[in-house]
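This report refers to the structure that appears directly beneath it.
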Amino acid sequence: MATLNQMVAEQAKVIGEARASLEAAFKKPPTQAATIAAREATVAELKTRVANLAEAKATFTRQIDQQSTGYQAEIVALEKAIEEDKKRFGDQPTPTPPRPIRGKGRGK
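If you want the numbering used here, it's the position in the sequence shown, counting the first as 1, plus 29.
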């Protein structure tokens, strides 16, 4: 396993090489072919991102639709059970739960 100093040295080397490469690239103007190739690469990357977003959107929409359908089915089942209970027991108001009794605990 590399030590922290070795990792920092390796990163510094990579950064230095990248900096030198960028400086060299800025010193000479890009060729027309390089400019076109860079734009084509950008277009391809953007198309990939759009496709990924469209797929994610479809997946999320499908999941939300499934969850919504499940909730709707549960609502229908509960409403049906409520109606059956009302027929069986009549319309009675729901009792309020008893209030908790507050005792004299520690620190009071």
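C-beta atoms are modelled at their ideal positions from N, C-alpha and C, and glycine is treated no differently.
Check                                                                               : Outcome
Alpha carbon to alpha carbon, how far is SER50 from TYR100?                         : 58 Å
Can you give the Cα-Cα distance for VAL43 and LYS57, rounded to whole angstroms?    : 22 Å
Quick check on ARG131: does DSSP put it in helix, strand or coil?                   : coil
What span of residues does the alpha helix (DSSP H) with LYS57 cover, start to end? : Where LYS57 is concerned, there is no enclosing alpha helix (DSSP H), given that its DSSP letter is neither H nor E.
Beta carbon of PRO59, beta carbon of ALA53: below 9 Å?                              : no
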